[in-house]
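Colleague: Dumping the structure here so I can ask a few things about it.
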Amino acid sequence: MDRFECLACGPVASRDPYSPFCPACGEPLFVAPPCPGRPRGCRGDRALALERWADFLPLERIDARLSLGEGSTPLVRLERLGASLGRARLFAKNEAQNPTGSFKDRGTAVAVQKAVALGARMIGTVSTGNMAASTAAYGARAGLPTFVLLKEGTSTLSLRAAGIHGPRLVAVEGDYGRLFRMSVEVGKRLGIMFMNSIDPYRLEGYKVTAFEIFLQLGGRAPRAVFVPLSSGGHLLGLMRGFADLESAGLASSFPAVVGVQAAGCAPLAAAFGRGLDRCEPPARARTIAHAIANPDPPAGSAVLRTVRDRRGLIVAVADEEMLEAQRELAAAEGLFCQPEAAATLAALKTLAAAGWPEGDGDDVLVLTGSGLKAPAALDSAPMTINVLAVGELEAGLARLV
Ligand SMILES: Cc1ncc(COP(=O)(O)O)c(C=O)c1O
Ligand SMILES: [Zn+2]
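In this note's numbering, the protein residues as written are 10 to 410.
In structure tokens:
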């Protein structure tokens, strides 16, 4: 039996497997860290990322048939961009290389392993895009009927990227925060195990990103890690991963984690900047960065508290800054990510200009999703297309050399 904890109440005696919330106070629940003292490490000879880091995960057994080969993504050195920003050791963790093109697969993989172990007959998720495709894919893999609830108005591309896997696809009108909470209640009544953005097992999957970064840097924690921030499940999972490495005696330091929001919908950055413990939904949310535009993050207080306790930061960047950073990553380094993921570079640029952090160290941008997920963002990208008749090819190319 897994043990759970709530940041407000401490250890939690029993938990409803259909709900991610603490039964006493309604804050998010986390899987309690593994018992200290038991030796833990990476099993380097195993094929799957989940198997390699099984010592740190709450899975009694791992069914390889449920996996799509998530994780084990490259940590790519950004020499050109690093040099231009005075960061000698800048890296990108390229999560676009996950099976459905985003980091969500890491969380879905663990949540589905657990759902099957618990005997769930149906699974579901509430998403603005990436989590929908990911849950639909892993649901198909597991052969489980899968319910994907998307907000009315979600792009056709996102609907189809999930729909191709054959889930029950539902576009829901109304408030997204309310939909999140209602999905949990309705799911329990109908026997659908919802694995939404802050599901405790999803977060366990995100820990593995921290473990991989640690190993890829030669067995040390980076100085700073930049992550796009919406509901906060990803950031909390990463931070719990770095905390596990510390408590296992493997890492001797903890990185400064920087959560990056879109200025057009930045409830957490606003609350962080004002020193508040809770965030308020913005009066009006307006951004192209739909994947990081949750106006009412259900783990908001936990994110604010965890980031403050560990001396991290939460900042916001403008849409134009994200789009410029997206082009820079693509043109200078060959990495094509979503604007939401490029928000990390935009934040680094602003902080680097202000001299943060000082000195040398490893800085990591977590590029959470593929640029192919949001092709409409390219509509405004400046691009010159040269048209030539085939007979003028040589002369035409010579002019471009
Ligand atoms: C590409 C991308 N980056 C970041 C996030 C934010 O993750 P979280 O909601 O866990 O904060 C999302 C969420 O959907 C996403 O799709
Ligand atoms: Zn509680």
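Built from N, CA and C at the ideal position, the CB exists for glycine as well.
1) What do you reckon, is the C-beta of Pro237 under 7 Å from a heavy atom of ligand 1?
2) Smallest Cα separation from Glu182: which of Gly175, Pro176, Ala126 and Met191?
3) Using a Cβ-Cβ cut-off of 7 Å (strictly less than) and excluding sequence neighbours within five positions of Leu438, which residues of its own chain qualify?
4) Measure the CB-CB distance between Ile132 and Thr155 and report whether it falls below 8 Å.
5) Contact between the segment 310-323 and the segment 259-276: three or more CB pairs below 8 Å?
6) For Ala180, report the span of its beta strand (DSSP E) as first-last.
7) Out of Ala356, Val316, Gly378 and Val312, which one is the CA nearest neighbour of Ile333?
8) Nearest to Leu84 by CA position, among Leu226, Ala298 and Ala327, is which residue?
9) What residues does ligand 2 have around it, judged by CB closer than 6 Å to any heavy atom, in chain order?
10) Measure how close the beta-carbons of Gly95 and Ala361 come, nearest whole angstrom, since I'm counting them as under 8 Å.
11) Taking the C-alpha atoms as reference points, what is the distance between Ile71 and Met10?
12) Would you tell me roughly how many angstroms separate the C-alpha atoms of Arg229 and Asp369, rounded to the nearest one?
13) To which residues does DSSP link Gln270 through a beta bridge?
14) Unbroken alpha helix (DSSP H) runs of length 4 or more, entirely within the segment 122-157: which are they?
15) Under a three-way DSSP split, which group does Asp371 fall into?
16) Just to confirm, are Cys274 and Pro237 a CB contact at a threshold of 8 Å?
17) When DSSP labels each residue in this structure, what does Met10 get in the three-state scheme?
18) Please report the straight-line C-alpha distance between Arg249 and His243, rounded to a whole angstrom.
19) Buried or exposed, going by whether 16 or more other CB atoms sit within 10 Å of the CB of Ile207?
20) Are the beta-carbon atoms belonging to Phe345 and Ser379 less than 8 Å from one another?
21) With the cut-off set at 8 Å, would you say Glu79 and Asp54 are in Cβ contact?
22) Can you grab the Cα-Cα spacing for the pair Gly255 / Arg314, in whole Å?
23) Ligand 1 and Ser76: does the residue's C-beta get closer than 7 Å to at least one heavy atom of that ligand?
24) Under three-state DSSP, which class holds Arg70?
25) Is the segment 387-397 in contact with the segment 121-131, if contact means three or more CB pairs nearer than 8 Å?
26) Starting from Gly19 and walking both ways along the alpha helix (DSSP H), at which residues does that stretch end?
27) Taking only three categories from DSSP, how would you classify Phe189?
28) I'd like to know whether the C-beta atoms of Ala120 and Arg211 end up nearer to each other than 8 Å.
29) Indicate the three-state DSSP secondary structure (helix, strand or coil) for Pro45 in the structure shown.
30) Expressed to the nearest angstrom, what Euclidean distance is found between the alpha-carbon atoms of Glu161 and Ala149?
31) Quick test of your reading: Val135 and Leu188, contact by CB under 8 Å. State the CB separation rounded to the nearest angstrom.
32) Assuming Ala41 and Phe13 make a contact with CB atoms under 8 Å, what is their CB distance in whole Å?
33) Tell me the DSSP secondary structure of Pro384 in three-state form.
34) Using only alpha-carbon positions, find the residue among Gly343, Arg283 and Ala298 that is nearest to Ala352.
35) Please state whether DSSP places Pro37 in a helix, a strand or coil.
Modeller: If we stick to the structure as given:
1) Residue 237 sits at position 228 when you count from the first residue of the sequence shown. Yes - ligand 1 has a heavy atom lying nearer than 7 Å to the Cβ of Pro237.
2) Stepping through the sequence shown from its first residue, residue 182 is reached at position 173. Comparing alpha-carbon positions, the option among Gly175, Pro176, Ala126 and Met191 lying closest to Glu182 turns out to be Met191.
3) This structure leaves residue 438 out entirely; the chain is present only between 10 and 410.
4) Position 123 of the sequence shown, counting from 1, holds the residue named residue 132. Position 146 of the sequence shown, counting from 1, holds the residue named residue 155. In this structure, Thr155 lies closer than 8 Å to Ile132 by Cβ.
5) The segment 310-323, when compared against the segment 259-276, does touch it at the 8 Å Cβ threshold.
6) As a working note, residue 180 is residue 171 in the sequence shown. Ala180 -> beta strand (DSSP E) spans Arg177 to Val181.
7) Here residue 333 refers to the residue found at position 324 when the sequence shown is read from its first residue. One detail in the question is off: residue 333 reads as Glu in this sequence, not Ile. When the alpha-carbon of Glu333 is set against those of Ala356, Val316, Gly378 and Val312, the nearest one is in Ala356.
8) In the sequence shown, counting from the first residue as 1, residue 84 sits at position 75. Out of Leu226, Ala298 and Ala327, Leu226 has the C-alpha closest to the C-alpha of Leu84.
9) Every residue passing the under-6 Å Cβ criterion appears here: Cys15, Ala17, Cys18, Cys31, Ala33, Cys34 and Glu36.
10) Walking along the sequence shown from the start, residue 95 turns up at place 86. Walking along the sequence shown from the start, residue 361 turns up at place 352. The distance from the Cβ of Gly95 to that of Ala361 is about 6 Å, consistent with a contact at the 8 Å cut-off.
11) As a position in the sequence shown, residue 71 is number 62, starting the count at 1. As a position in the sequence shown, residue 10 is number 1, starting the count at 1. The straight-line gap from Cα to Cα measures roughly 16 Å.
12) Residue mapping note: residue 229 aligns to position 220 of the sequence shown, counting from 1. Residue mapping note: residue 369 aligns to position 360 of the sequence shown, counting from 1. The alpha-carbon atoms of Arg229 and Asp369 are separated by roughly 14 Å.
13) Position 261 of the sequence shown, counted from the first residue, corresponds to residue 270. For Gln270, which the question treats as bridged, DSSP gives the partners Ala325.
14) Whole alpha helix (DSSP H) segments, 4+ residues: 139-151.
15) Locating residue 371 in the sequence shown gives position 362, where the first residue counts as 1. Secondary structure at Asp371: strand, using DSSP grouped into helix, strand and coil.
16) Mapped onto the sequence shown, residue 274 falls at position 265. Mapped onto the sequence shown, residue 237 falls at position 228. Their beta carbons are not under 8 Å apart, which means Cys274 does not touch Pro237 by this criterion.
17) Position 1 of the sequence shown holds residue 10. Secondary structure at Met10: coil, using DSSP grouped into helix, strand and coil.
18) What you label residue 249 is simply residue 240 of the sequence shown in a count that begins at 1. What you label residue 243 is simply residue 234 of the sequence shown in a count that begins at 1. Linking Arg249 to His243 through their CA atoms gives a straight-line distance of about 10 Å.
19) Looking up residue 207 in the sequence shown gives position 198. By the neighbour-count rule (16 or more Cβ atoms within 10 Å), Ile207 is buried.
20) In the sequence shown, the residue the question calls residue 345 occupies position 336. In the sequence shown, the residue the question calls residue 379 occupies position 370. Yes. Within cutoff.
21) Counting from 1 along the sequence shown, the entry for residue 79 is found at position 70. Counting from 1 along the sequence shown, the entry for residue 54 is found at position 45. Against a cut-off of 8 Å, the Cβ pair of Asp54 and Glu79 comes out as no contact.
22) The residue given as residue 255 occupies position 246 in the sequence shown. The residue given as residue 314 occupies position 305 in the sequence shown. Residue identity check: residue 255 is Glu in the sequence provided, not Gly. Rounded to the nearest angstrom, the two C-alpha atoms are 19 Å apart.
23) Locating residue 76 in the sequence shown gives position 67, where the first residue counts as 1. No.
24) As a working note, residue 70 is residue 61 in the sequence shown. Under the three-state reduction of DSSP, Arg70 is assigned to coil, being neither helix nor strand.
25) With the rule of 3 Cβ pairs closer than 8 Å, the segment 387-397 does not count as touching the segment 121-131.
26) In the sequence shown, the residue the question calls residue 19 occupies position 10. Run containing Gly19: none in the alpha helix (DSSP H); it sits in the beta strand (DSSP E), Gly19 to Val21.
27) Taking the first residue of the sequence shown as 1, we reach residue 189 at position 180. Helix at Phe189.
28) As a first step, residue 120 must be located in the sequence shown, where it is residue number 111. As a first step, residue 211 must be located in the sequence shown, where it is residue number 202. In this structure, Ala120 sits near Arg211, with a CB-CB distance shorter than 8 Å.
29) Locating residue 45 in the sequence shown gives position 36, counting from the first residue. DSSP, read as helix, strand or coil, puts Pro45 in coil.
30) Translated into positions along the sequence shown, residue 161 becomes position 152. Translated into positions along the sequence shown, residue 149 becomes position 140. If I take the Cα positions, the gap works out to 23 Å.
31) The residue you call residue 135 lines up with position 126 of the sequence shown. The residue you call residue 188 lines up with position 179 of the sequence shown. The pair is a contact, with the Cβ atoms about 6 Å apart (cut-off 8 Å).
32) Numbered from its first residue, the sequence shown carries residue 41 at position 32. Numbered from its first residue, the sequence shown carries residue 13 at position 4. The beta-carbon distance between Ala41 and Phe13, rounded to whole angstroms, is 6 Å. This is short enough to meet the 8 Å contact definition.
33) Translated into positions along the sequence shown, residue 384 becomes position 375. Reduced to three states, the DSSP call for Pro384 is helix.
34) Counting from 1 along the sequence shown, the entry for residue 352 is found at position 343. Checked all of Gly343, Arg283 and Ala298; the closest Cα to Ala352 is Ala298.
35) By 1-based counting over the sequence shown, the position of residue 37 is 28. Strand.
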